[in-house]
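There are 2 protein chains.
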Amino acid sequence: MTVGIVGGGQLARMMALAGYRLGLDFLSLDKDPCTPAAQVAPALSGSFTDPTLLDELAHRSEVVTFDWENVPLESLDRIAGRVRIAPPREAPAAARDRLNEKTLFDALRIPTNRHAAVDSEADLAAAVSRLGLPGVLKTRSLGYDGKGQFVLRKPADIAAAWARLGSNAPLLYEEFVPFDYEVSIIGVRGRDGAIRTWPLNRNLHADGVLRLTRAPWRAPALEAAAVRHVRRVLKHFDYVGVLTIEFFVRRGRLLANEMAPRVHNSGHWTIEGAMTSQFENHVRAILGLPLGDTAPRGHSAMINLLGTMPPREALLAEKSLFLHDYGKEPRPGRKLGHCTLVAASAAERDRRAASLLRRLDSRKIAG
Amino acid sequence: MTVGIVGGGQLARMMALAGYRLGLDFLSLDKDPCTPAAQVAPALSGSFTDPTLLDELAHRSEVVTFDWENVPLESLDRIAGRVRIAPPREAPAAARDRLNEKTLFDALRIPTNRHAAVDSEADLAAAVSRLGLPGVLKTRSLGYDGKGQFVLRKPADIAAAWARLGSNAPLLYEEFVPFDYEVSIIGVRGRDGAIRTWPLNRNLHADGVLRLTRAPWRAPALEAAAVRHVRRVLKHFDYVGVLTIEFFVRRGRLLANEMAPRVHNSGHWTIEGAMTSQFENHVRAILGLPLGDTAPRGHSAMINLLGTMPPREALLAEKSLFLHDYGKEPRPGRKLGHCTLVAASAAERDRRAASLLRRLDSRKIAG
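Top to bottom, those sequences are chains F and A. Under the working numbering, the first residue of the first sequence is numbered 1, with each subsequent residue one higher. Under the working numbering, the first residue of the second sequence is numbered 368, with each subsequent residue one higher.
Shown next as structure tokens:
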């Protein structure tokens, strides 16, 4: 039984590695022939919108999923009706547009920061006047890791912001939220409507890229609110598979930042740190299999390995560390792998994660 | 960096799945083109002794290992000197011959049952006279899962036993040991000589095939003795990789039954039940990487799935059960997969394993 994946990145790779255990086969489609997924499973190589490749993917797969929210909707539309697709196309359609996403959060009574659509410099001036400063002008789609954003601090910044991003309109202006920290919640919904959520993640970003996730993050009131929110989104889409919402935490309250209709970097710790990983439960969900237990196993810290891979020897010498190398070529800032520490207590986890981060940053872990 | 494996069964498959996480590649060689390993990694298909295929395996691999003790020694000899081979050939050479194995146990002061070489019917009569009855006449090599054995209970059985197995001489006669239960110990030795052992396994066989392993099995004196024994064997061979010894337990003492110079069915629980699995540590060892922590995570029970695969849905609905499906065609008695239960206590593990075994045997878990 084959699971088709549009996209062949590390998320697809980890889905395949989780599903192999269950006796499943995988087939990915990606423009790059040497993706992380293609190194561990059969792959089709070519344009994401190539009708012949899409037809082959549909023909050979029991179900087709995707590993990123910017999956071309026309690709899903091409194969719809011939093969089951999960998650539903409406989820990536909403998640790729920041305005639609915010509108959905508002409609589902999920708190988010105030925002306004901006299609012209006049719209921007009006938005700044209504929402105040500081604020952030953002592209509505295809921005990630801090790209496609402009922070406005004073009225004179309006012209500069428009000059920088105006050609990418339609845009979005958001009030700037000075948050205390960031968390995310990951949920999975089965074909039968059953929902499970993993414990709350506390996330640390650096230069717009996730650096560290600690879970379970014990904050019962926040977790209860996050679970309510993700359940609403899952039900709204009649969703099947894994979905993630990232939140800012400000004065003990959640503000939804964005959602991802897929397995998520902040859930990588679940491979060793939970009874069932996000990858296995995503595969179970889209195949209509019973969902697995999402209870934690110990206290986990996940650290992304960016830019250059530290030497295997140094990382493998760390106690109770699980190394994941995605098989990617090094490139500045690129996510090449991650490692998960599993500790007996939250305090031990935090201490060990801080120590490992310091040594990675200072290159004391080097060849 | 590619690990070559002579053999493509489930053990090779699970090595690949463990090593993929570390960013490694795998290449197996097997006569069957559709092995469990070939379903998840590149494979060479043809005779184990085909010089062209062996040369290709050596050329493409950083290190070559094997997934069964009856690996043709001529295959290893063909590639020796051109690629590193681990474990050392002397280990499978000894393990495949029951007499050599017993002689080694004696030499290393590892208690085993009394035995005698049998090359003729007269030898058998002499052995029966010296060691007594009951006893077991066995082929010296290539026997497994109870095949190639004859139990003698009275002097008149000598002729019948010889008639059945004489054509397979040289043979071995062993005293019959009425044991209380069976255990096994799994150890790993790195290139630098570092040794680690996993907690003791208690094993239950049915019809000569492993059915259930529970670990850690708390029996400190037995475990200490088993660890001493496996360390001696590992050092004797200047071994690199994972090695297993199975023991009978009789009146609180160990009697070595056999050894396997490879990852072992009784260690499958380590995938989820230990900080580092036997598969990952085997791969680490043969590549000269630091060995990982072998401490247990919870209390595990591993149950083999034999003959026909129970429906995925039923198994996945069990709490804290990890399913492994090797992708093999059903055949009576064949090992098609296994599942590991991980519990918070030994008592809970034992209760749940017994319940699951009952339901599997009575086919209450069925489609």
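Ideal placement from N, C-alpha and C gives every residue a C-beta, glycine not left out.
DSSP beta-bridge partners of residue i
i                      : result
residue 540 of chain A : A/483, A/504
residue 689 of chain A : A/707
residue 205 of chain F : F/210
residue 626 of chain A : A/612
residue 355 of chain F : Paired residues: none, contrary to the question.
residue 412 of chain A : A/397
residue 149 of chain F : F/138
residue 666 of chain A : A/710
residue 582 of chain A : A/667
residue 735 of chain A : For residue 735 of chain A there is no data in the structure shown, the boundaries of chain A being 368 and 734.
residue 702 of chain A : A/673
residue 433 of chain A : A/373
residue 189 of chain F : F/195, F/241
residue 254 of chain F : F/249
residue 490 of chain A : None, per the DSSP bridge assignment.
residue 465 of chain A : In the DSSP output, where bridge partners are listed per residue, residue 465 of chain A has none listed.
residue 80 of chain F  : F/83
residue 374 of chain F : A question about residue 374 of chain F goes unanswered here, because the residues of chain F that appear run from 1 up to 367.
8 Å CB neighbourhood of residue i in its chain, flanking five on each side removed
i                      : result
residue 719 of chain A : 668, 708, 710
residue 595 of chain A : none
residue 664 of chain A : 639, 640, 641, 642, 709
residue 79 of chain F  : 54, 55, 57, 58, 64, 85
residue 111 of chain F : 105, 253, 254, 255, 256
Cut-off 6 Å between Cβ atoms - residues of its own chain near residue i, not counting five sequence neighbours on either side
i                      : result
residue 652 of chain A : 555, 557, 607, 608
residue 716 of chain A : 666, 668, 710
residue 367 of chain F : Its pLDDT being 39, under 50, residue 367 of chain F is placed unreliably by the model, and the measurement read from it follows with that caveat. These residues qualify, in order along the chain: 311.
residue 327 of chain F : 36, 39
residue 169 of chain F : 119
residue 522 of chain A : none
residue 76 of chain F  : 85, 89
residue 467 of chain A : 461
residue 471 of chain A : 461
residue 102 of chain F : 112, 115
residue 4 of chain F   : 27, 57, 61, 64
residue 582 of chain A : 566, 568, 636, 667
Of the listed residues the options, nearest to residue i (C-alpha basis)
i                      : options                    : result
residue 624 of chain A : A/505, A/424, A/373        : A/505
residue 33 of chain F  : F/52, F/7, F/25            : F/7
residue 368 of chain F : F/270, F/272, F/246        : Lying before the first or after the last residue shown, residue 368 of chain F is absent from chain F, which here runs from 1 to 367.
residue 680 of chain A : A/639, A/692, A/562        : A/692
residue 655 of chain A : A/488, A/566, A/560        : A/560
residue 113 of chain F : F/253, F/283, F/317, F/360 : F/253
residue 220 of chain F : F/207, F/214, F/363, F/199 : F/199
residue 495 of chain A : A/714, A/398, A/518        : A/518
residue 610 of chain A : A/473, A/582, A/516, A/563 : A/563
residue 262 of chain F : F/317, F/319, F/91         : F/91
residue 696 of chain A : A/579, A/673, A/439, A/728 : A/673
residue 368 of chain F : F/304, F/339, F/269        : Absent from the structure is residue 368 of chain F, since the part of chain F shown begins at 1 and ends at 367.
residue 134 of chain F : F/122, F/202, F/148, F/157 : F/157
residue 690 of chain A : F/362, F/281, F/269, F/346 : F/281
residue 238 of chain F : F/201, F/87, F/30, F/29    : F/87
residue 218 of chain F : F/202, F/123, F/206        : F/202
Cβ neighbours of residue i in the same chain (closer than 7 Å, five flanking residues each side left out)
i                      : result
residue 615 of chain A : 544, 546, 549, 622, 624
residue 250 of chain F : 177, 179, 180
residue 475 of chain A : 599, 600, 603
residue 589 of chain A : 550, 567, 616, 621
Whole-angstrom C-beta distance between residue j and residue i, which should lie under 8 Å
i                      : j                      : result
residue 484 of chain A : residue 539 of chain A : 6 Å
residue 266 of chain F : residue 210 of chain F : 6 Å
residue 465 of chain A : residue 507 of chain A : 5 Å
residue 644 of chain A : residue 385 of chain A : 6 Å
residue 204 of chain F : residue 175 of chain F : About 23 Å; that fails the 8 Å criterion.
residue 383 of chain A : residue 410 of chain A : At roughly 10 Å, the Cβ-Cβ gap does not stay under 8 Å, so residue 383 of chain A and residue 410 of chain A are not in contact.
residue 369 of chain A : residue 394 of chain A : 5 Å
residue 264 of chain F : residue 186 of chain F : 6 Å
Inspect the CB distances between the stretch 63–72 of chain F and the stretch 1–16 of chain F and report whether three or more fall short of 8 Å.
yes
Tell me, please, whether the stretch 284–298 of chain F touches the stretch 326–335 of chain F by the rule of three or more beta-carbon pairs shorter than 8 Å.
no
Does the count of Cβ pairs from the stretch 424–431 of chain A and the stretch 448–464 of chain A closer than 8 Å reach three?
yes
Would you call the stretch 353–360 of chain F and the stretch 385–393 of chain A touching, i.e. three or more CB-CB distances under 8 Å?
no
State whether the stretch 581–598 of chain A contacts the stretch 518–532 of chain A, with contact taken as three or more CB pairs (one from each stretch) at a distance under 8 Å.
no
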